[in-house]
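Below is one structure, written out as structure tokens; the observations come after it.
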Amino acid sequence: MTTTVSRLLTWLIAAVIGVVYGTAATVAQAFTIGVLPVGLVLATVGTTALFVALRLLVGDRWTTLAGGLGAILAMVVFSGTGPGGSVIVAAPTPDTEWIPLTWTFVVPIIVALVFAWPDTSRLPAPRKLDE
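For the sequence shown, the numbering used here gives the first residue as 437, with consecutive numbering after it.
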């Protein structure tokens, strides 16, 4: 298998995994216990862990971007109203309307941060001082 085909398959798999994580996180982000946004915290931690893992394990920024675009696509699709008027994610109450709004901005910001984080693996090792 050539490098190009391997890279494209990696991006496709990352996008599919991003869709799965994005779907689960979009549905779960509305969960609260009292006033605590437990779903938002878990969704943020889970997707951040996914993007960091993609970046560290594959070592390719574009794989992280593919996973992030998959998660963003799932967030957009599942947070809207379907063609028949059905809704997967329930509408927020006035007290919790900040949670889905926060989720809308958290995913792209995390993707951008992990994507843009500098690659330090190619830097020379620090010199040891003689004691």
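Think of the CB as a built atom: it goes at the ideal place given N, C-alpha and C, for glycine as much as any other residue.
Environment of residue i [buried if 16+ CB atoms lie within 10 Å]
| i | result |
| --- | --- |
| PRO419 | Because the chain here runs from 437 to 567, residue 419 falls outside it and cannot be looked at. |
| THR517 | exposed |
| ARG563 | exposed |
| THR462 | buried |
| ALA479 | buried |
| THR380 | No statement about residue 380 is possible, as the shown extent of the chain runs from 437 to 567 and does not include it. |
| ALA510 | buried |
| ALA451 | buried |
| ILE524 | exposed |
| TRP534 | exposed |
| VAL477 | exposed |
| VAL543 | buried |
Segment limits, alpha helix (DSSP H) that includes residue i
| i | result |
| --- | --- |
| ILE535 | 534 to 552 |
| PHE422 | Past the edges of the chain, shown from 437 to 567, lies residue 422, and the structure says nothing about it. |
| THR500 | 497 to 514 |
Check whether residue i and residue j have beta carbons under 8 Å apart
| i | j | result |
| --- | --- | --- |
| LEU490 | THR500 | yes |
| PHE467 | GLY475 | yes |
| ALA502 | TRP447 | yes |
| PRO536 | SER515 | yes |
| PHE541 | ARG497 | no |
On the three-pair Cβ rule with 8 Å, is the stretch 555 to 565 touching the stretch 533 to 547? No, they do not touch.
Quick test of the definition: if touching needs 3 or more C-beta pairs under 8 Å, does the stretch 504 to 512 touch the stretch 457 to 474? Taking 8 Å as the limit for Cβ pairs, the verdict is that the stretch 457 to 474 does touch the stretch 504 to 512.
In chain order, each alpha helix (DSSP H) run of at least 4 residues that lies wholly inside the stretch 437 to 474 = With a minimum length of 4 residues, the continuous alpha helix (DSSP H) runs that stay inside the stretch 437 to 474 are 439 to 464.
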